[in-house]
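>
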Amino acid sequence: MSDTPKDDPWTQGEMSSSSGKGAAAAGGSGPDKSGGSGPAESSGGSGPAEHGGSGPAGSSGGRGPAEPGGSGPVGSSGGSGPAESSGDSAEVLRERQRLAQIESMDRWIQSVLVEQRRSRRWKLFFRFAWLALLLGVAALVGFALLMVPGDEREQARHLGVVKVDGVIDSESPANAERLIEGIEAAWESPSSAAVVLHINSPGGSPVQSQRVYKAVMALRERGDKPIVAVVEDLGASGAYYMASAADEIVAAPSSLVGSIGVIYAGFGLEGAIDDLGVERRVFTAGDNKAFLDPFSEMRPEQQAFWQEVLDTTHQQFIDAVKAGRGDRLADDPRIFSGLIWTGEQALELGLVDRLGTLDEEAHEWLDQPRIKDYTPSQDPFDRLARRFGVGVAQWMGLPQASSPVRYQLP
């Protein structure tokens, strides 16, 4: 039993003060943990209105609603309140300023890019304008050159030359289509005093030669402008076929002219494959389909037939030369025998009209000799491709598009 009277009020106050430290001491917790809690708490405890406790208006040892160590509507230095909101507002302001600067920089960059694009467009415009101006000036100059007065055109008169170089064939530069195009262009030019076939060829395809011959004869019959054939080194066979259509034929003393004949060349290799033990397998429909095959024996009737073909082609050649040269030809059967003559001999036989060269002809026709080449230009790639194709076909032994019958030197 305790000796302390239960009914003593001062004793009860002491007990109440001691036990209150568990709930409101500096290390305890309550609704506010700054060192004690309670509506009006003191550092020593709490009670309704005791000395050292707190009440609605606590003593100097207790806390009120705004004590520095606790928190209330306005917090202490260790809590949060309007001071924290002020710090957050500064950070937000700085972030907004940074974003505004970035946005301003973006607008400036966009304006610079737009200005650069506008400047480039104007540069392109002025460049195209200058180009159009230059082209317009060039067109005017070209038109002015074409509109040369008549007396100046007379001063610029020239010989319109078309070159016949190399083998005459549909796959060669000396093909009928190309030569005829050049001849007609030279003929139609108002400045050309005459059309000149400048020949240096051994001949070639009968068909290509005949086409050029007929084109020249058609122009010759119109009689508006003379056509002259000038033989350089060689004017043989199909090349002479073309030349005979001209109004005049000119050759150098040492030029080779003539060879009015037809040739076909092949081989008979049937004995060779027999010696090698090779069997030739050819399938045909028609008894004479393979009579030109070099590995098959040619029968006498086939040989006679082929000779008739050559004779017919030869006669076409003879008739064309006679039509072109007329009575200028000498009465000498050797002319059509396939022989080839020098320029001097050809003059005596009536195969040429006079001796000379292209330069001498230019002086003959013009006071101020001028020569203009009307031979159509040829694409170098196309020419190379044609040569390559012909070479491969020959190497592989493939049949070619050109005729085996030739107005050509062997």
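Numbering of the sequence shown is given in our numbering, commencing with residue -6 and proceeding in unit increments. Glycine residues also receive a C-beta, built at the ideal position from the N, C-alpha and C atoms. The model shown is predicted, which means the values in this text are computed figures rather than measured ones.
1. For the alpha helix (DSSP H) that residue 311 lies in, which residues bound it at each end?
2. Do residue 252 and residue 275 have their C-beta atoms closer together than 8 Å?
3. Could you give the residue range of the alpha helix (DSSP H) that holds residue 173?
4. How many Å lie between residue 85 and residue 116 at the Cα?
5. Mind listing, in chain order, the continuous alpha helix (DSSP H) runs of no fewer than 4 residues lying wholly within the region 83 to 121?
6. To the nearest whole angstrom, what separates the beta carbons of residue 230 and residue 254, a pair I think is in contact under 8 Å?
7. How is residue 267 classed by DSSP in three states: helix, strand or coil?
8. Since residue 340 is in the alpha helix (DSSP H), which residue starts that stretch and which ends it?
9. How far does the alpha helix (DSSP H) with residue 351 in it extend, from its first residue to its last?
10. Do residue 191 and residue 170 have their CB atoms nearer than 8 Å?
11. Output needed for residue 247: all residues of its chain with C-beta closer than 7 Å, excluding positions within five of it in sequence on either side, in chain order.
12. Among 209, 258 and 152, which residue has its Cα nearest to the Cα of residue 286?
13. For residue 187, write down the residues that DSSP places opposite it in a beta bridge.
14. Following the continuous beta strand (DSSP E) through residue 228, name the residue where it begins and the one where it ends.
15. Any idea if residue 355 is buried or exposed, counting beta-carbon neighbours within 10 angstroms, 16 or more meaning buried?
16. Residue 338 and residue 196 look like a contact to me (Cβ under 8 Å); what is the Cβ gap, rounded to whole Å?
17. Tell me the DSSP secondary structure of residue 257 in three-state form.
18. Based on DSSP bridge pairs, tell me the residues matched to residue 365.
19. Taking all protein chains shown into account, decide if residue 281 is buried (16 or more other Cβ within 10 angstroms of its Cβ) or exposed.
20. Just to confirm before moving on: does the CB-CB distance between residue 398 and residue 303 stay below 8 Å?
21. Should residue 227 and residue 180 be called a contact, given that it needs their Cβ atoms to be closer than 8 Å?
By the coordinates alone:
1. 293 to 318
2. no
3. 169 to 181
4. 47 Å
5. none
6. Between residue 254 and residue 230 the Cβ distance is about 7 Å, and since that is below 8 Å, they are a contact.
7. helix
8. 336 to 342
9. 351 to 358
10. no
11. 335 and 336
12. Of the listed residues, the one whose Cα sits closest to residue 286 is 258.
13. 152
14. 220 to 229
15. buried
16. Not quite, the Cβ-Cβ distance comes to about 18 Å (not below 8 Å), so this is no contact.
17. Correct three-state label for residue 257: coil.
18. 153
19. exposed
20. A contact, by the Cβ cut-off of 8 Å.
21. 8 Å or more divides the Cβ of residue 227 from the Cβ of residue 180.
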